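Note sheet for the following structure.
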Amino acid sequence: MIYDIPATATGLPAHVDNTFMPTNVTGAQQTISVMNSVIGYFGPCPPNPPTHTYQFTIYALDIATLPGLTAQSKANEGLANVVIHSIANASFTGDYTTPATTP
78 MIYDIPATAT GLPAHVDNTF MPTNVTGAQQ TISVMNSVIG YFGPCPPNPP
128 THTYQFTIYA LDIATLPGLT AQSKANEGLA NVVIHSIANA SFTGDYTTPA
178 TTP
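For the sequence shown, counting from 1, position 16 maps to 93 in the numbering used here; every step adds exactly one.
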């Protein structure tokens, strides 16, 4: 989960640094991923190949900075904080299919 993205941002780079405070998204911070070993998003990794559905949600909040999160915070902690401050959201869903290997 990435949060505290400035309201003036119109997009994110293709590869956000996997650090708590990514240098390529000024002001933003990230939680520890659901895999508990990586900070930030680490790309599609279907648990049951070859296809898995992913849902991405962006939230508009009533505050500029989420309080109480640290470099040790996990995504579920961040989401609980987001829900409290959410004033709007939008989601999109996409399917990822593992590419076929060539024999």
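Just so you know, even glycine gets a beta-carbon here, dropped at the ideal spot from N, CA and C. As the structure is a prediction and not an experimental result, all values here were calculated from the model.
Worksheet item: How many Å lie between threonine 170 and proline 123 at the Cα?
Response: Rounded to whole angstroms, threonine 170 to proline 123 spans 14 Å at the Cα level.
Worksheet item: What is the rounded straight-line gap between the Cα of alanine 105 and the Cα of histidine 162?
Response: Rounded to the nearest angstrom, the two C-alpha atoms are 17 Å apart.
Worksheet item: Sorted by chain position, which residues of the same chain lie with C-beta nearer than 6 Å to alanine 86's C-beta, five sequence neighbours on each side aside?
Response: Same-chain partners within the cutoff: there are none.
Worksheet entry | Cutoff 8 Å; reference alanine 84; Cβ partners in own chain excluding five residues on either side | Excluding positions up to five away in sequence, the list reads Ala141.
Item to complete: Answer with buried or exposed for alanine 152, where buried requires no fewer than 16 other C-beta atoms within 10 angstroms of its C-beta.
Response: Using a 10 angstroms sphere on the CB of alanine 152, the tally of other CB atoms reaches 16 or more, which defines it as buried.
Worksheet item: Mind checking whether the beta-carbon of threonine 178 lies closer than 8 Å to any heavy atom of the ligand FAD?
Response: With respect to small molecules bound, the structure shown includes none, and the ligand FAD cannot be examined in it.
Fill in: DSSP bridge partner residues for alanine 165 (one or two, in chain order)
In the DSSP assignment, alanine 165 forms a beta bridge with Ala137.
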